[in-house]
Amino acid sequence: MKKLSLMSVVTLLLFTGCITVNVPLGGGDSVPSFQWQLRWEAPIKTGNLIFTNILRIKDFDASGSYQLSGIVVKYDDGSVSESSSNRWVTRPGAMLSEILSRDLQVTGNYPAIFRTATSADNLLTVEGYVREFGATQIDSVTWIAVFDVDVTLLGNRGTEVLLQQNYRYEKSMPETGFKTLTEQMSLLGALWSEEVMVDIAGVLLPRR
Numbered sequence: 020m021k022k023l024s025l026m027s028v029v030t031l032l033l034f035t036g037c038i039t040v041n042v043p044l045g046g047g048d049s050v051p052s053f054q055w056q057l058r059w060e061a062p063i064k065t066g067n068l069i070f071t072n073i074l075r076i077k078d079f080d081a082s083g084s085y086q087l088s089g090i091v092v093k094y095d096d097g098s099v100s101e102s103s104s105n106r107w108v109t110r111p112g113a114m115l116s117e118i119l120s121r122d123l124q125v126t127g128n129y130p131a132i133f134r135t136a137t138s139a140d141n142l143l144t145v146e147g148y149v150r151e152f153g154a155t156q157i158d159s160v161t162w163i164a165v166f167d168v169d170v171t172l173l174g175n176r177g178t179e180v181l182l183q184q185n186y187r188y189e190k191s192m193p194e195t196g197f198k199t200l201t202e203q204m205s206l207l208g209a210l211w212s213e214e215v216m217v218d219i220a221g222v223l224l225p226r227r
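Just add 19 to the spot in the sequence shown (first one is 1) and you have our numbering.
So, in structure tokens, the structure goes:
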């Protein structure tokens with residue numbers, strides 16, 4: 020389990036606001052549904068590192084219930100509940116790959132970032148797998164936000180593994196509920212994106 024420093028939490032909270040969008044999804048007005056989105060501040064372009072590699076960020080795969088957009092809560096008895104009224108704006112795998120693509124683009128470290136197939140030379144591919152993405156209920160008043168994602172960097176047209184890393188974070192929530200959960204997942208997502216970008220750059224740096 021990886022821990023957030025107090026400074027990291029304070030800094031990220033400054034950029035994490037209410038991210039709910041109230042949208043009726045097929046039901047009547049008396050039964051509203053809610054769509055939620057991870058949101059964190061894009062990185063600052065530094066221009067310190069310039070690589071020649073082009074990256075393609077594929078939609079991440081996911082296990083079990085995380086293949087769908089309903090927000091998942093695991094209970095202490097091992098059962099899993101997928102909310103029908105609280106949903107991510109899209110599947111977690113697609114949402115994470117889209118935001119990671121944005122962050123990599125903003126850094127200015129790469130000549131191009133693609134989300135679709137391309138025949139460009141010097142192409143590296145980023146793939147991912149969402150193992151767990153939601154809340155674990157410890158008891159009636161305690162939820163833990165869990166963010167568990169594998170990331171793989173492939174070179175040589177997908178035939179060479181350059182990086183394969185699991186990123187798992189857990190964070191106790193100040194209170195239960197989907198609003199708080201999405202805020203905590205945004206904090207963990209920002210940390211994840213930063214670490215993935217550092218690890219990818221580390222693989223591509225010249226070896227001495």
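Here a beta-carbon is modelled for each residue, glycine too, at the ideal position from N, C-alpha and C.
Note that the coordinates shown come from a computational prediction; the quantities given were computed from them, not determined experimentally.
Buried or exposed, going by whether 16 or more other CB atoms sit within 10 Å of the CB of Q183? exposed
Inter-residue Cα distance where the pair is L44 and Y85: Here the model assigns L44 a pLDDT of 38, short of 50, so the residue's position is not dependable, and the following value carries that caveat. Their backbone Cα atoms lie some 19 Å apart in a straight line.
Apart from the five residues just before and just after T109, which ones in its own chain have a Cβ nearer than 7 Å to its Cβ? S88
Let me confirm a value: R106 is counted as buried when at least 16 other C-beta atoms fall within 10 Å, else exposed. Which label applies? buried
Distance between T65 and R176 (C-alpha atoms, nearest Å): 29 Å
Let me know the secondary structure DSSP gives L123 once reduced to three states. helix
Per the DSSP calculation, G177 is bridged to which residue(s)? Paired residue(s): none; G177 is not in a bridge.
Residues that I76 bridges to, as DSSP identifies them: V145
Does at least one heavy atom of the ligand GDP sit under 7 Å from the Cβ of P193? In terms of ligand content, the structure shown is empty, and the ligand GDP therefore cannot be addressed.
Just how far apart, CA to CA, sit D218 and A209? 14 Å
Buried/exposed call for R226, threshold 16 Cβ in 10 Å: Classification for R226: exposed.
Span of the beta strand (DSSP E), counted from its first residue to its last, around G89: G89 to K93
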